[in-house]
Amino acid sequence: MHTTTIIPTQDFIIVDLSDSHYDKLVIGRHSESRIGGIKHHMPEGFTGRIIIDWMTSVGTKNNERFLELQIVGGEIDPDSLSYVKLKLKDDLRILCNRTLVHHSSDSLEASVLTIIEKKMLRKGLSM
523 MHTTTIIPTQ DFIIVDLSDS HYDKLVIGRH SESRIGGIKH HMPEGFTGRI
573 IIDWMTSVGT KNNERFLELQ IVGGEIDPDS LSYVKLKLKD DLRILCNRTL
623 VHHSSDSLEA SVLTIIEKKM LRKGLSM
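Read in order, the letters of the sequence shown are residues 523 to 649 in the working numbering.
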């Protein structure tokens, strides 16, 4: 899996992926980030599979941390929404952690994570 571009917005960090089951990784930057806002940051008419990481608002050990969905013609397909579990050492989970630390440290600091979890993430440990 490779990243081609990383675009930080006010509410999300959007990562274009290649060689992955997903076309894009979206990381919610704060608790006010809403799923409906994602489509406004996609290319016009975009169709593809997205995985969203809500760690900053739900924590690291929550079954609702990762949500996958399909966008078709620029619109979210509500029937495609499903939560997924990624193993601690999954490459995508590690990418989520590193991207948040390196591209939005302010979001990490303002997150619901404990001080210990934040320190572990900054040291490169997977959460």
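Just so it is clear, CB atoms sit at the ideal spot from N, CA and C, and this is done for glycine as well. Just so you know, these numbers come straight off a predicted model, no measurement behind them.
Practice item. Buried or exposed for residue 575, please, with buried defined as at least 16 other CB atoms from any protein chain shown within 10 angstroms of its CB. Key: Within the sequence shown, numbered from 1, the residue matching residue 575 stands at position 53. Classification of residue 575: buried, given that the 10 Å Cβ count is 16 or more.
**Study point:** Short Cβ contact (8 Å threshold) for residue 593 with residue 569
**Key:** Within the sequence shown, residue 593 is the residue found at index 71, counting from 1. Within the sequence shown, residue 569 is the residue found at index 47, counting from 1. Cβ atoms of residue 593 and residue 569: closer than 8 Å.
Point to revise | Cβ-based neighbour list, residue 582, same chain, cut-off 7 Å, excluding 5 preceding and 5 following | key: The residue you call residue 582 lines up with position 60 of the sequence shown. Take residue 582, set aside five residues on each side of it, and the residues of its chain with a beta-carbon closer than 7 Å to its own are 635, 639 and 649, in chain order.
Review point. Roughly how many angstroms separate the alpha carbons of residue 532 and residue 587, rounded to a whole number?
Key: Here residue 532 is taken as the residue at index 10 of the sequence shown, counted from 1. Here residue 587 is taken as the residue at index 65 of the sequence shown, counted from 1. Using only the alpha carbons, I get a separation of about 20 Å.
Exercise for review: Can you tell me which of the three DSSP states residue 641 falls into?
Suggested key: Locating residue 641 in the sequence shown gives position 119, counting from the first residue. Residue 641 sits in a helix when the DSSP states are folded into three classes.
**Study point:** beta strand (DSSP E) segments (min. 3 residues) lying fully within the segment 576 to 634
**Key:** Taking 3 residues as the shortest admissible run, the segment 576 to 634 contains the following complete beta strand (DSSP E) segments, listed from N- to C-terminal end: 588 to 594 and 597 to 606.
Check your understanding: Helix, strand or coil: how does DSSP classify residue 524 here?
Key -> The residue you call residue 524 lines up with position 2 of the sequence shown. Taken through DSSP and simplified to helix, strand or coil, residue 524 comes out as strand.
Review point. Of the choices 539, 554 and 558, whose alpha-carbon is the least far from that of residue 571?
Key: Here residue 571 refers to the residue found at position 49 of the sequence shown. Looking at the Cα atoms, 539 is the closest of the given residues.
Review point. With 16 other CB atoms within 10 Å as the buried threshold, where does residue 550 fall?
Key: Working through the sequence shown from its first residue, we reach residue 550 at position 28. Residue 550 comes out buried.
Review point. What did DSSP end up calling residue 646 once you bin it into helix, strand or coil?
Key: Taking the sequence shown and counting its residues from 1, one reaches residue 646 at position 124. Note: residue 646 maps to coil in three-state DSSP.
Review point. Count the other CB atoms within 10 Å of the CB of residue 619; is the residue buried (16 or more) or exposed (fewer)?
Key: Position 97 of the sequence shown, counted from the first residue, corresponds to residue 619. Flag for residue 619 reads buried.
Check your understanding: How many Å lie between residue 558 and residue 599 at the Cα?
Key -> Residue numbering aside, residue 558 sits at position 36 when the sequence shown is read from its first letter. Residue numbering aside, residue 599 sits at position 77 when the sequence shown is read from its first letter. Residue 558 and residue 599: Cα-Cα distance of roughly 11 Å.
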